[in-house]
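According to my numbering, the stretch in the sequence shown is residues 65 to 577, in order. Where is the CB? At the ideal position from N, CA and C, for every residue including glycine.
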Amino acid sequence: MKNPEDKFKKVISHAKEYGYVFQSSEIYDGLSAVYDYAQNGVELKKNIREYWWKAMVQMHENIVGLDAAIFMHPTTWKASGHVDAFNDPLIDNKDSKKRYRADVLIEDYAEKLNLKAQKEIKKAAKRFGDAFNEQEFVSTNPRVVKYLSQRDTILKRMGKSLENEDLADVKNLIEELEIACPVSGSKNWTDVKQFNLMFGTKIGASADSAMDLYLRPETAQGIFVNFANVQKTGRMKIPFGIAQTGKAFRNEIVARQFIFRMREFEQMEMQFFVRPGEELKWYEHWKEERFKWHLSLGLGKENYRFHDHDKLAHYANAAADIEFNFPFGFKELEGIHSRTDFDLKAHEAHSGKKLQFFDHELNKSYVPYVIETSIGLDRMFLAVFSTALQNEVLEDGSERIVLKLPSVLAPTKAAILPLIKKDGLPEIARKIMNDLKFDFNVSYDEKDAIGRRYRRQDAVGTPFCITVDHDTKNDDTVTIRYRDTMQQERVKISDLKSIISKEVSIGNWLQKM
Ligand code: GAP
């Protein structure tokens, strides 16, 4: 699957075929950018959520959890700035009638320049071998210097125009760069307009008493409005964090990338409250910690990179994305933001309630500063799933499709397979399953030849197959087959629990951090 588009199509179709992700309301032709997680998807998603939760809450004595409601008082969104500023700049192509995010069109153009530079660097590295000095090459090769400086100039100008709300200049930039509509190929663009991404709804029984509400566009505000409650009832001392996972809703303009950009999605966020003036130290700390969490899953260091923001959100004094190499290129997976005291101060101003901390060491009260780590659960799902999906050519020339999910995240940890459907083997296999199911998600499969069953489990991502054969009846041993290496071992039934446990224990995986 060399072509990224083919790879992405394969990811989407595999997710459907093996019960991971379905289009929402598919029988009614689906709902755009909304997806349902199926029998295996829901388990993978739950395991990712748990892996995050344990790393953030269980592993930190100064971080506690929260589950705030999706509905919040509408003033929340006035205070947070979302009513006035949670907009995306949109632009329509007059010929194709397709709508785009103007900033994404420009970013894609800049990324193409970056890719050209990277291609030159790769070529040179190959040509010069061990003698290659990348740093020197990047700063002296005229083509690379040109591509990268064009990229930076474009992104800087866009950042400035967006910050100054100069939408006319954003359009000028699109025209100057001669960016064409990917559908019609035309450069016939409308003006750039702002579009608010929040979904509105109503609460209340009768039309006159109903109150206008928004579906929350981020989970973070549920944490801010509960800051004082949690701090007091938990007797929390600065620095401390509040973590939450939950649904968020955004009326995205461009939503064509499967579960990468959805209108209903799930976030895993943590707000870390610190002393004013110490925020940038904690910002660096959390950048590092979050990166370590990602690396612990073994998806490959080369698949991650940091992207420091040129254009800062209205609440931030520093921000970076952890980008991941999705099938369609490097894109944002997680954001780490130094949000200053913007949110707590705004909620103080709008609610009239004090949201401060009395610091005994400093003998004074202050509104804490906040470092936020915010990752999309669905994007993490896509990162894990798309990296895991591999098409392998085996030694005998045959191919297998295998979903090499980190075993800690795999929906089903082991499949128990009687070699044949008679001679008492199914009964032994079911007994093994019934013993293991207290500790792990396991499944039973007796249909088809054993080779086909192994392939089925490879494709669905089950890390262990346990085969019961005639020898089992004599010596209480089974064959355990490892999904990734396809190696097989003879082990005692009584050892199965500890073998699987060692491989899938969250504790063992988190220790890799
Ligand atoms: N509280 C900060 C915040 O919401 P954000 O960068 O807008 O920041 C954080 O979102 C993360 O949420 C992103 O890095 C991404 O992983 C995820 N996310 C945002 N919009 C999304 C969407 N439409 N679909 C899926 N995930 C999304």
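G298 in three-state terms, based on DSSP: Here residue 298 refers to the residue found at position 234 of the sequence shown. In the structure shown, G298 sits in coil (DSSP, three-state: anything other than H, G, I, E or B).
Minimum length 4: unbroken alpha helix (DSSP H) runs contained in the segment 80-140: 105-117
Rounded separation between Q308 and L361 - CA only: Numbered from 1 along the sequence shown, position 244 holds the residue referred to as residue 308. Numbered from 1 along the sequence shown, position 297 holds the residue referred to as residue 361. Spanning the two alpha carbons is a distance of roughly 21 Å.
Where Q214 falls: helix, strand or coil (DSSP): Working through the sequence shown from its first residue, we reach residue 214 at position 150. Note: Q214 maps to helix in three-state DSSP.
Pick from K365, I435, P340 that is closest to A383, judged by C-alpha positions: As a first step, residue 383 is located in the sequence shown; it is residue number 319 there, counting from the start. Per the Cα distances, I435.
Near the ligand GAP: R517 beta-carbon under 7 Å from a heavy atom: Taking the first residue of the sequence shown as position 1, residue 517 is located at position 453. Not under cutoff, so the answer is no.
Any non-hydrogen atom of the ligand GAP closer than 7 Å to E343 Cβ: Position 279 of the sequence shown, counting from 1, holds the residue named residue 343. Result no, Cβ not under 7 Å from the ligand GAP.
Helix, strand or coil at P470 [DSSP, three-state]: Walking along the sequence shown from the start, residue 470 turns up at place 406. Reduced to three states, the DSSP call for P470 is coil.
Inter-residue spacing [alpha-carbon to alpha-carbon] between M497 and Q552: The count along the sequence shown starts at 1 and reaches residue 497 at position 433. The count along the sequence shown starts at 1 and reaches residue 552 at position 488. C-alpha separation (whole angstroms): 19 Å.
Option nearest K566 by Cα separation, candidates D533, G515, F504, R554: What you label residue 566 is simply residue 502 of the sequence shown in a count that begins at 1. Looking at the Cα atoms, F504 is the closest of the given residues.
For Y347, the nearest candidate out of G305, R325, K311 (CA to CA): Residue mapping note: residue 347 aligns to position 283 of the sequence shown, counting from 1. Taking only the C-alpha atoms, the option nearest Y347 is G305.
Any non-hydrogen atom of the ligand GAP closer than 7 Å to I287 Cβ: Along the sequence shown, one-based indexing puts residue 287 at 223. Every heavy atom of the ligand GAP is 7 Å or more from the Cβ of I287, so no.
Beta-carbon proximity check, E387 vs R369, cutoff 8 Å: Residue numbering aside, residue 387 sits at position 323 when the sequence shown is read from its first letter. Residue numbering aside, residue 369 sits at position 305 when the sequence shown is read from its first letter. Cβ distance < 8 Å, so E387 and R369 count as in contact.
Closer than 7 Å: M326 CB and nearest the ligand GAP heavy atom: Translated into positions along the sequence shown, residue 326 becomes position 262. Flag set: Cβ of M326 near the ligand GAP.
Residue nearest to I323 in terms of C-alpha spacing, selected from K71, A79, D93, N572: Working through the sequence shown from its first residue, we reach residue 323 at position 259. Looking at the Cα atoms, A79 is the closest of the given residues.
Any non-hydrogen atom of the ligand GAP closer than 7 Å to A143 Cβ: Here residue 143 refers to the residue found at position 79 of the sequence shown. Result no, Cβ not under 7 Å from the ligand GAP.
V202, enclosing alpha helix (DSSP H) - first and last residue: Taking the first residue of the sequence shown as 1, we reach residue 202 at position 138. Unbroken alpha helix (DSSP H) run through V202: 198-204.
heavy atom of the ligand GAP below 7 Å from I439 C-beta: The residue labelled residue 439 in the question sits at position 375 within the sequence shown. Yes; taking the cut-off as 7 Å, the Cβ of I439 has a heavy atom of the ligand GAP nearer than that.
N315 versus L154, G105, C529, N290, residue with shortest Cα-Cα distance: As a working mapping, residue 315 is identified with position 251 in the sequence shown. Among L154, G105, C529, N290, the Cα nearest to that of N315 is on L154.
Enclosing alpha helix (DSSP H) for Q521 [first to last residue]: What you label residue 521 is simply residue 457 of the sequence shown in a count that begins at 1. Looking at the DSSP string, the run of the alpha helix (DSSP H) that includes Q521 is 514-524.
Residues near S507 in its chain [Cβ-Cβ closer than 6 Å; skip 5 each side]: Locating residue 507 in the sequence shown gives position 443, where the first residue counts as 1. Hits under 6 Å: T476, A479.
Closest by C-alpha distance to G440, when choosing among P246, F329, H146, G145: Counting from one through the sequence shown, the residue named residue 440 turns up at place 376. The shortest C-alpha separation from G440 is found at F329.
Euclidean distance between Cα positions of K365 and D487: Taking the first residue of the sequence shown as 1, we reach residue 365 at position 301. Taking the first residue of the sequence shown as 1, we reach residue 487 at position 423. K365 and D487: Cα-Cα distance of roughly 49 Å.
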